[in-house]
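Residue numbers (the numbering used here): 8 to 367. Even glycine gets a Cβ: it sits at the ideal position worked out from N, Cα and C. Since this is a predicted model, take the numbers as computed values, not measurements. Structure first, commentary second.
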């Protein structure tokens, strides 16, 4: 039965292509859209993109089509971006066209497109994005705030203002602006999860992100970090269970080391090292630190030296400093310039402890 269905689908695809090649493009694309909706086959989608990209949204829906258009704009295929958006006329598609024109450096066309936005608040945001693209941040911010006066819940205005606050280093203010944002863009969530050290504030970001993307590893790590900062290690570890990723094993290893579960930490860190596809000095250093705490100085020394070499190769100054400091703690000998340790001295003391009365 499955083979008959497969053959039937292949015949429909071939029939659609025959129609297209004979000049009956509309009829052929109609058939391909029908097949795609039945099968979700990527090759069928490729044919639609090849022969009628402006009809992509009929097969996949508007959201997927706009995402695809932005992907092609990012890869400098501006004509294809515009072709995909050709038959979409709502404000969401117009915003996408503005972005497409900006990436093509067609500023006048982007501005003309912004004037087509139906909602006054959305139009202010469109104009603000253009000013921001031109580097005129003050004018852009003024327009984003005017947009919020017209609509305090304008998602794009809130997001753009939050980005500006992040650029200034005002992470708490950025977080306040994002309270009313339903879907936080990945790049903003990643930045805040990296920079915020307030567990309660970070928990808000992590919970919102995980609700939207429950399978996203970064979302789980973000929320786990939030609980770790609040010293709720049980919840922090629960969020990482069952996720086969080197980053989750690294973080769970670090948490277990803080809890005093050195054997568990060593196992998780070793798993992280095994899963990591590239040389990761941070993992190697954490293994060295756990081995040192387990009183296995020889093994710890070997790992610390390995971590320092990896850190030098990857230009990771912090891990280089930490590794060198750990070597000094074990041997009493300095195997790097003292300056690199002294420039990271407070963080090293927090992570490793006292360094044989070393003074900076």
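Taking a C-beta distance under 9 Å as the contact criterion, residue 216 and residue 191 qualify as a contact pair.
Contact holds between the segment 132 to 147 and the segment 161 to 176, because three or more Cβ pairs, one in each stretch, are under 8 Å apart. Taking each of 210, 298, 174 and 287 in turn and checking the Cα distance to residue 226, the smallest one comes out for 210. Taking 8 Å as the upper bound for CB-CB distance, residue 272 and residue 333 are not in contact here, some 15 Å apart. Leaving aside the five residues that flank residue 286 on each side, the residues in its chain whose CB is nearer than 6 Å to its CB run, in chain order, 317. Within the same chain, 334 come within 7 Å of residue 312 by CB-CB distance, once the 5 residues on both sides are set aside. Shown here for residue 341: same chain residues with a beta carbon closer than 7 Å to its own, the five before and five after excluded, namely 335 in chain order. The C-alpha of residue 198 lies about 10 Å from the C-alpha of residue 229. Membership of residue 254 in the alpha helix (DSSP H) is indicated by the continuous run 253 to 266. Residue 365 is not a Cβ neighbour of residue 351, given a cutoff of 9 Å. Annotation: residue 354 to residue 169 spans about 29 Å, alpha carbon to alpha carbon.
When the beta-carbon positions are compared, residue 126 and residue 98 come within less than 9 Å of each other.
The alpha-carbon separation between residue 24 and residue 16 amounts to approximately 12 Å. Under the three-state reduction of DSSP, residue 188 is assigned to coil, being neither helix nor strand. In the DSSP assignment, residue 64 falls within the unbroken alpha helix (DSSP H) covering 63 to 67. Going by DSSP, residue 152 is part of the alpha helix (DSSP H) stretching over 144 to 157. Excluding five sequence positions before and after residue 51, the CB atoms of its chain that fall closer than 6 Å to its own CB belong to 39, 42 and 43, given in chain order. Listed in chain order, the beta strand (DSSP E) runs fully inside the segment 319 to 348 amount to none, counting runs of at least 3 residues.
In the three-state DSSP reduction, residue 364 falls in the coil class, being neither helix nor strand.
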